[in-house]
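See below for the structure under consideration.
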Amino acid sequence: MTLSIIDKVFESLLSKQITHYFDPTLSPRLTAYRKNHSCETMLVRLTEDWKHSIDRKELVTILSTDMSNAFDSLHHNLVIKELKAYGFTSQSLDLI
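Under this note's numbering, the sequence shown has 160 at position 34, and the numbering climbs by one with no breaks.
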């Protein structure tokens, strides 16, 4: 289903407001769906961390998972409850 221009503009504005609200509280190591973050920046950071650990003679282990479909099946009511727990107002939740 395609979104109308108005829907796309609304979605963009809403996304900016939610990002502005949450971004300061998120760890800099969380990079998915964030501006100025990417898989590449995370790989560079991890590689540097691993090199420093190896230099300190520490053991480095890696667990890799594919999260590409992780958000394809989010339950709408659960998302709304989570946003409410984070302090979103009833009006904001109705809008979402």
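Glycine residues also receive a C-beta, built at the ideal position from the N, C-alpha and C atoms.
None of these values were measured; they are calculated from a predicted model.
Subject >> Straight-line Cα distance separating Asp181 from Ile206 >> reply: For Ile206 and Asp181, the gap between their C-alpha atoms comes out near 45 Å.
Original post:
For Ala196, which residues of its own chain have a beta-carbon under 6 Å away from its beta-carbon, when the five flanking residues on both sides are left out?
Top reply: Setting aside the 5 residues that flank it on each side, Ala196 has no residue in the same chain whose C-beta is closer than 6 Å to its C-beta.
Subject >> Selection from His146, Glu166 and Tyr147 that minimises the alpha carbon distance to Arg229 >> reply: With the chain covering only 127 through 222, there is no way to say anything about residue 229.
**OP:** Could you tell me whether the Cβ atoms of Val186 and Ser179 are closer together than 7 Å?
**Re:** In this structure, Ser179 lies closer than 7 Å to Val186 by Cβ.
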